[in-house]
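Counting from 248, one number per residue, gives the positions in the sequence shown under my numbering.
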Amino acid sequence: MKVQDEVLNGVRVLDFTWSVSGATTARTLAAFGAEVIKVEWPKAPDYMRFSMYAEGDEPGLDNGAFFNNLSAGKKGISLNSKSERGMELVHELLAKSDIVLENFSAEVFEKWGLTYEELEKISPGIIYMSISGLGHTGRNKMYGTWGPTAQALSGMTFTSGLPETHPAGWGYSYLDNIAGYTGALTVLAALRHKRKTGKGQYIDISQVESGIHLAGANLLDFTVNGRSSRRPGFPPGNRSISSTKHSENTYRGREACPHNSYRCKGGGENDWCTIAIFTDEEWESLVRVMGSPNWAIQEKFKTKEGRIANQDEIDARLERFAQKYKKFELMELLQSNGITAGAVQTNEEIMDYDPQVKERGLIETLEHPLLGARRFEGLPIDMSKTPPYLHKAGPLMGEDNDYVFGEILGYSPEEIEQLTNDGVLWPDDMPKESITGIRPLW
Numbered sequence: 248m249k250v251q252d253e254v255l256n257g258v259r260v261l262d263f264t265w266s267v268s269g270a271t272t273a274r275t276l277a278a279f280g281a282e283v284i285k286v287e288w289p290k291a292p293d294y295m296r297f298s299m300y301a302e303g304d305e306p307g308l309d310n311g312a313f314f315n316n317l318s319a320g321k322k323g324i325s326l327n328s329k330s331e332r333g334m335e336l337v338h339e340l341l342a343k344s345d346i347v348l349e350n351f352s353a354e355v356f357e358k359w360g361l362t363y364e365e366l367e368k369i370s371p372g373i374i375y376m377s378i379s380g381l382g383h384t385g386r387n388k389m390y391g392t393w394g395p396t397a398q399a400l401s402g403m404t405f406t407s408g409l410p411e412t413h414p415a416g417w418g419y420s421y422l423d424n425i426a427g428y429t430g431a432l433t434v435l436a437a438l439r440h441k442r443k444t445g446k447g448q449y450i451d452i453s454q455v456e457s458g459i460h461l462a463g464a465n466l467l468d469f470t471v472n473g474r475s476s477r478r479p480g481f482p483p484g485n486r487s488i489s490s491t492k493h494s495e496n497t498y499r500g501r502e503a504c505p506h507n508s509y510r511c512k513g514g515g516e517n518d519w520c521t522i523a524i525f526t527d528e529e530w531e532s533l534v535r536v537m538g539s540p541n542w543a544i545q546e547k548f549k550t551k552e553g554r555i556a557n558q559d560e561i562d563a564r565l566e567r568f569a570q571k572y573k574k575f576e577l578m579e580l581l582q583s584n585g586i587t588a589g590a591v592q593t594n595e596e597i598m599d600y601d602p603q604v605k606e607r608g609l610i611e612t613l614e615h616p617l618l619g620a621r622r623f624e625g626l627p628i629d630m631s632k633t634p635p636y637l638h639k640a641g642p643l644m645g646e647d648n649d650y651v652f653g654e655i656l657g658y659s660p661e662e663i664e665q666l667t668n669d670g671v672l673w674p675d676d677m678p679k680e681s682i683t684g685i686r687p688l689w
């Protein structure tokens with residue numbers, strides 16, 4: 248695909264985001280061809296630069312695996328935006344940008360003098376998107392969140408875990424990604440509006456609200472049936488939600504039994520296979536696959552109601568059967584007999600083994616200037632005419648200073664060098680190596 252054919256070719260994004268949520272928005276726009284310029288300062292860099300180094304990589308400002316994945320496709324500049332001269336340069340860049348992104352706490356941009364009204368004066372028609380924990384309005388707008396705390400406030404955390412235990416939480420910061428994808432969607436909608444009317448707009452995204460709709464089934468259960476999620480046996484863990492012993496307090500969804508994860512041959516912490524039986528016919532198929540053992544052909548297991556009433560026994564016996572096979576062997580065996588089953592995969596297995604992921608081309612390989620060829624998470628989207636793709640690895644700190652301040656803003660090499668020496672483009676108390684060279688370790 249030619250660059251000029253990319254959906255967002257010619258769209259410039261000034262990116263003040265950090266961590267995960269806003270960075271996901273910027274990363275998505277870059278994959279569709281937008282020119283995304285990430286603004287950072289070496290003394291207060293994106294925290295993700297120091298998060299999750301790959302095994303064997305020397306820790307450093309530019310070597311963080313998490314950062315490079317989140318920032319794939321972006322250009323990067325080092326700019327002291329808190330200095331008077333630095334803010335002047337921010338204004339100059341804004342005047343040449345279509346979109347500005349940030350995911351600071353509420354009022355940070357206001358303190359910088361960058362309200363939407365001021366941004367509109369600097370760059371008429373600009374689209375300004377902010378992501379924060381609870382949005383920029385309301386009594387709680389100053390509360391800060393991370394993905395896990397936003398998940399708790401949205402109600403998602405309460406719905407996770409095993410029966411009769413405290414909520415377990417979702418592990419990873421899912422709402423960072425959800426809010427980031429929401430941001431990309433709304434920016435695209437705002438661009439559509441701008442192309443029709445010539446007018447930009449302000450986009451205010453609440454990370455907590457982006458998660459509330461994910462708890463929709465529970466909200467609907469309360470609205471329609473008056474049932475609170477705070478009831479015995481909820482959440483139900485891996486089992487079918489209506490198969491808990493407190494059936495009078497559960498909704499009647501599509502039931503399955505057995506419906507669980509079973510340890511397989513190998514006995515390791517990652518050796519599991521999930522099995523779900525929804526109908527009596529599927530149960531009969533499973534019984535045949537197991538060799539019709541005496542326990543499985545008992546009358547009490549012939550109906551779904553009987554299986555639900557005796558699922559503790561089924562789970563124990565089925566796990567003994569599962570331990571005869573490796574997880575992928577069991578998955579293939581059951582699926583070939585029309586039984587819903589899936590191996591529980593590790594991240595490594597998804598990247599190295601899963602034939603569907605490989606066929607879809609989700610994992611892309613990019614060349615990093617310091618780390619060499621590395622694999623990156625692509626976008627889970629396939630389009631016949633304008634597919635998104637990762638254009639490059641994440642930027643080294645200040646990698647594109649010459650391009651941005653030279654070609655976009657028109658400063659001469661001598662002026663850029665002077666800005667660097669003055670501590671505007673690089674801290675004057677840090678080693679002044681080549682902006683595109685290997686960084687010292689801090």
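For each residue, glycine too, the CB sits at the ideal point set by N, CA and C.
Item, Value
"Assigned secondary structure, glutamate 302 (DSSP; H/G/I helix, E/B strand, else coil)", "coil"
"For methionine 598, three-class secondary structure by DSSP", "helix"
"Exposed unless 16 or more other CB atoms sit within 10 angstroms - verdict on isoleucine 544", "exposed"
"Touch test, the segment 264-275 against the segment 417-429, Cβ-Cβ under 8 Å, three pairs minimum", "yes"
"DSSP-derived helix/strand/coil call for histidine 338", "helix"
"Own chain partners of glycine 447 with C-beta closer than 6 Å, once the 5 adjacent residues on each side are dropped", "Gly372, Ile373, Ile374, Lys441"
"Environment of histidine 460 [buried if 16+ CB atoms lie within 10 Å]", "exposed"
"Reduced DSSP secondary structure (H/G/I, E/B, other) of glutamate 287", "strand"
"Buried versus exposed, by CB contacts within 10 Å (16 or more), leucine 467", "exposed"
"Delimiting residues of the alpha helix (DSSP H) encompassing alanine 640", "Note, alanine 640: premise wrong, no alpha helix (DSSP H); not H, not E."
"Residues of its chain near serine 457, where Cβ-Cβ distance is below 7 Å and the 5 sequence neighbours each way are ignored", "Leu422, Ile425, Ala426, Thr429"
"Lysine 388 to serine 352 span [Cα, whole Å]", "8 Å"
"Residue closest to threonine 235, alpha-carbon to alpha-carbon, out of Ser476, Gly645, Gly311", "This structure cannot speak to residue 235, because the chain is shown only from 248 to 689."
"Range covered by the beta strand (DSSP E) that runs through serine 453", "449-453"
"DSSP three-state assignment for arginine 259, whether helix, strand or coil", "strand"
"Beta carbon of threonine 406 nearer than 9 Å to that of asparagine 465", "yes"
"Same chain, Cβ closer than 7 Å to tyrosine 300, neighbours up to 5 away in sequence not counted", "Pro306, Asn310, Gly311, Ala312"
"DSSP three-state assignment for methionine 578, whether helix, strand or coil", "helix"
"contact_flag[the segment 576-591, the segment 523-536] where n(CB pairs < 8 Å) is 3 or more", "yes"
"Supposed contact pair valine 260 and glycine 280 - C-beta distance, whole angstroms, cut 8 Å", "At roughly 11 Å, the Cβ-Cβ gap does not stay under 8 Å, so glycine 280 and valine 260 are not in contact."
"Exposure label - arginine 554; buried when at least 16 CB within 10 Å", "buried"
"Proximity of alanine 397 and glycine 408 at Cβ, strictly below 9 Å", "no"
"Residue range of the unbroken beta strand (DSSP E) whose run includes tryptophan 530", "Premise fails: tryptophan 530 lies in the alpha helix (DSSP H), 527-536, not in any beta strand (DSSP E)."
"Closest by C-alpha distance to glycine 480, when choosing among Pro505, Glu411, Asp527", "Glu411"
"Inter-residue Cα distance where the pair is aspartate 669 and glutamate 367", "30 Å"
"Cα-Cα separation, serine 370 to isoleucine 452", "21 Å"
"Through-space distance from alanine 399 to arginine 486, alpha-carbon basis", "22 Å"
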